[in-house]
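Residue numbers (this note's numbering), protein chains in the order written: chain A, 1 to 260; chain B, 1 to 299. Glycine included, every Cβ here is placed at the ideal spot set by N, Cα and C. Take a look at the structure below.
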Amino acid sequence: MIFILLPFVEMFYASLRPLDHLFRSPYQFYSDDLSFWAYREMWNTVPMLPRYIFNSFFLASVTSIITLFFVIPAAYSYARFKFPFKNSSLYILLAINMFSGAVLLIPLYKVLRTFGLLNTYQAMIVPGVAFLIPTAIWLLKSYFEKIPIDLEEAAFVDGASRVQILRHIIAPLSTPGLVVVGIYAFIGSYAQQFLFAITFNQKKEYMPIPSGLYEFIGYTTVKWNEMMAASLVGIAPVLIIFLFLQKYIVAGLTSGAVKN
Amino acid sequence: MNQKLKSYTAQTYIAYALIAPAAIYIILIVAWPLLETIRLSFTNSSLAGEDYIGLENYQKMFSSKKFNGIVTRTFVWMFFSVSLKLIIGLIGAVLLNANLKGRSIFRVLVMPPWVVPIAIGMLGWLWLYNGYFGIIAGVGMRTGILDGPFGFLAYKQSAFISTIIADVWVGTPMVTVFFLAAMQGVPRDLYEAAYCDGASRWDRFFKITLPQITPVIITMSLLSAIWTFNSFEIIWILTEGGPRGSTTTLIIDTYKQALGNYKFGRGAARAVVVMILLMLFAGFYLALLARINKKISHE
Numbered sequence: 001m002i003f004i005l006l007p008f009v010e011m012f013y014a015s016l017r018p019l020d021h022l023f024r025s026p027y028q029f030y031s032d033d034l035s036f037w038a039y040r041e042m043w044n045t046v047p048m049l050p051r052y053i054f055n056s057f058f059l060a061s062v063t064s065i066i067t068l069f070f071v072i073p074a075a076y077s078y079a080r081f082k083f084p085f086k087n088s089s090l091y092i093l094l095a096i097n098m099f100s101g102a103v104l105l106i107p108l109y110k111v112l113r114t115f116g117l118l119n120t121y122q123a124m125i126v127p128g129v130a131f132l133i134p135t136a137i138w139l140l141k142s143y144f145e146k147i148p149i150d151l152e153e154a155a156f157v158d159g160a161s162r163v164q165i166l167r168h169i170i171a172p173l174s175t176p177g178l179v180v181v182g183i184y185a186f187i188g189s190y191a192q193q194f195l196f197a198i199t200f201n202q203k204k205e206y207m208p209i210p211s212g213l214y215e216f217i218g219y220t221t222v223k224w225n226e227m228m229a230a231s232l233v234g235i236a237p238v239l240i241i242f243l244f245l246q247k248y249i250v251a252g253l254t255s256g257a258v259k260n
Numbered sequence: 001m002n003q004k005l006k007s008y009t010a011q012t013y014i015a016y017a018l019i020a021p022a023a024i025y026i027i028l029i030v031a032w033p034l035l036e037t038i039r040l041s042f043t044n045s046s047l048a049g050e051d052y053i054g055l056e057n058y059q060k061m062f063s064s065k066k067f068n069g070i071v072t073r074t075f076v077w078m079f080f081s082v083s084l085k086l087i088i089g090l091i092g093a094v095l096l097n098a099n100l101k102g103r104s105i106f107r108v109l110v111m112p113p114w115v116v117p118i119a120i121g122m123l124g125w126l127w128l129y130n131g132y133f134g135i136i137a138g139v140g141m142r143t144g145i146l147d148g149p150f151g152f153l154a155y156k157q158s159a160f161i162s163t164i165i166a167d168v169w170v171g172t173p174m175v176t177v178f179f180l181a182a183m184q185g186v187p188r189d190l191y192e193a194a195y196c197d198g199a200s201r202w203d204r205f206f207k208i209t210l211p212q213i214t215p216v217i218i219t220m221s222l223l224s225a226i227w228t229f230n231s232f233e234i235i236w237i238l239t240e241g242g243p244r245g246s247t248t249t250l251i252i253d254t255y256k257q258a259l260g261n262y263k264f265g266r267g268a269a270r271a272v273v274v275m276i277l278l279m280l281f282a283g284f285y286l287a288l289l290a291r292i293n294k295k296i297s298h299e
């Protein structure tokens, strides 16, 4: 427990302390003038910070929307129809999850370079979506499966079209599932914004928070209190979303990967 | 009969049509790059162009002592990291499953390292490991364990251990949550029966809980091995594979060759090795999963 939380506590604590207290030798455990000063000053030290925050949110939102767009029909199909290669293709999806993006970087880098797409938002979104699709399909499939098929059949007998069934029966009933999968995709893409970001993008305007802050670590004098403050600002949104919805997310993920 | 057959094929078409967008996307962004990587590994591709050079990349790679060291190091790193994750995760899950006050809060509090973007979490660890002003060095100096500033990431061995610890920090919550979910799935009456028979706490754990969650433990160790093997951000941010290569794992080496030096061919050869190893892991995992599913459906 301490092991898990200590880094956060110390990050927060360091963010409250004045810089000269942090850089004092011998080591000091406490400072008497704690303040949120670093939270104001960081906007000057990291001038692009608002932009990074915007980028992170923008990238995560677009990535998760695109993911949902691909995943909804596929998951519905897996939940409702029987067809050849159904199970084997589901397992292939699981296997994709196990490939790290690092293996695919070389061809992707070359293609993006050829099409002049390096240093754009697309360069970070396109590979991001691919790595969210497999889990998202598994998750959403299990939600669709919980909707009783009788409902659909009854509607079908009553002469409803497929589109009507989708709109009036499936969509409302699967909203909670869609929300969970959407949030999974959002947190997932928010969290994966490093590898693709440092590889495919060198432009500051397009950097998400992690790669933006990472740049500053290389400098000789790192203003650690402000760095920690900025990091916490970067962490906060996902943490807040997660705390509110952790029950659903954890239940969904654990059932998908262990029992399916 | 004929009608049934017809509707069956019609259904199949619809099913495929619905899956097609996702499938095509995956083929373009995942499957094609995999094949292209294999092709590139037989070339000397770089920013300047490429020529077919046969097995040269592989011959050079396998005959280099450095590369063999990297492979060994990757497995040692993985072994320690995965074992620690499993042990701590198991203990954590037992504690969180026990009837303690405030356990629902603790259950939530174990999870942050898992959800927080790894890269940002690692910025925090960089500060903790800071040799002069970080809290770990601070406590060490105050208590006299360290007789001066100590850069945890600046020396070969300490950097190796430090990256493992940070990796364990990231990976443990998830393992814990999965173990906990498995423990909660163990039928209550098993414990009640054991309790009536006067089984001790230890007995109940070793004779009921542990055997019941063994499938989950095995799947989690494989999954966790795969993720640990793939771990890139943690090492990259903390040390970039240094000092003097002491934390360079296969993934880091692949990245360095391919995108640090733009030697795509050499990088691709390494990526192929990574791929083959991952496929072995994935094969094990899927075979295991299929067996467990079969068992469940038989019961």
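8 Å Cβ cutoff, residue i in contact with chain A
| i | result |
| --- | --- |
| M183/B | no |
| L286/B | yes |
| E36/B | yes |
| L55/B | no |
| G49/B | no |
| M111/B | yes |
| G328/B | For chain B, the structure presents residues 1 to 299; residue 328/B sits outside this window and is missing. |
| L5/B | At L5/B, the pLDDT of 49 sits below 50, so the modelled position is not reliable; the number obtained from the coordinates is stated separately. No, because no Cβ of chain A sits closer than 8 Å to the Cβ of L5/B. |
| Y25/B | yes |
| T209/B | no |
| M61/B | no |
| T249/B | no |
For residue i: DSSP bridge partner residues
| i | result |
| --- | --- |
| T43/B | Y52/B |
Per-residue burial, residue i [other beta carbons within 10 Å of its own, 16 or more giving buried]
| i | result |
| --- | --- |
| K223/A | buried |
| T9/B | exposed |
| T214/B | exposed |
| Y52/B | exposed |
| W236/B | buried |
| R201/B | exposed |
| Q3/B | Here the model assigns Q3/B a pLDDT of 49, short of 50, so the residue's position is not dependable and the matter cannot be decided. |
| Q257/B | buried |
| A303/B | Past the boundaries of the shown model lies residue 303/B; chain B is included only from 1 to 299, so the question cannot be answered. |
| E205/A | exposed |
| V9/A | exposed |
| E192/B | exposed |
Neighbour flag for residue i against chain B, beta carbons, 8 Å
| i | result |
| --- | --- |
| I4/A | yes |
| K110/A | yes |
| G256/A | Here the model assigns G256/A a pLDDT of 49, short of 50, so the residue's position is not dependable, and the following value carries that caveat. No, because no Cβ of chain B sits closer than 8 Å to the Cβ of G256/A. |
| L173/A | no |
| W224/A | yes |
| Y52/A | no |
| Y39/A | no |
| G177/A | no |
| V71/A | yes |
Within 8 Å, strictly: CB atoms of residue i and residue j
| i | j | result |
| --- | --- | --- |
| T67/A | A136/A | yes |
| G341/B | W227/B | Nothing can be reported for residue 341/B, as the shown portion of chain B is limited to 1 through 299. |
| P208/A | Y39/A | no |
| T143/B | T247/B | no |
| P173/B | P113/B | yes |
| Y255/B | L47/B | no |
| L40/B | G265/B | yes |
| I198/A | L173/A | no |
| F124/B | M42/A | The residue you asked about is not Phe; residue 124/B is Gly in the sequence shown. No. |
| V111/A | V274/B | no |
| A166/B | M122/B | yes |
| P127/A | F196/A | yes |
| L286/B | L94/A | yes |
| L180/B | A271/B | no |
| S81/B | V175/B | no |
| A15/B | F83/A | yes |
For residue i, the first and last residue of its enclosing alpha helix (DSSP H)
| i | result |
| --- | --- |
| Q212/B | L210 to N230 |
| E240/B | Segment: none, E240/B is in no alpha helix (DSSP H) and carries neither H nor E. |
| N55/A | L49 to R80 |
| P187/B | That residue, P187/B, is in no alpha helix (DSSP H); it is neither H nor E in DSSP. |
| I187/A | A171 to A191 |
| P210/A | I209 to I217 |
| Q122/A | Y121 to K146 |
| S89/A | K86 to N97 |
| P107/A | G101 to T114 |
| F80/B | K65 to N97 |
| Q202/A | Careful: Q202/A lies outside any alpha helix (DSSP H) and carries neither H nor E. |
| Y255/B | L250 to Y255 |
| S35/A | No alpha helix (DSSP H) holds S35/A; DSSP gives it neither H nor E. |
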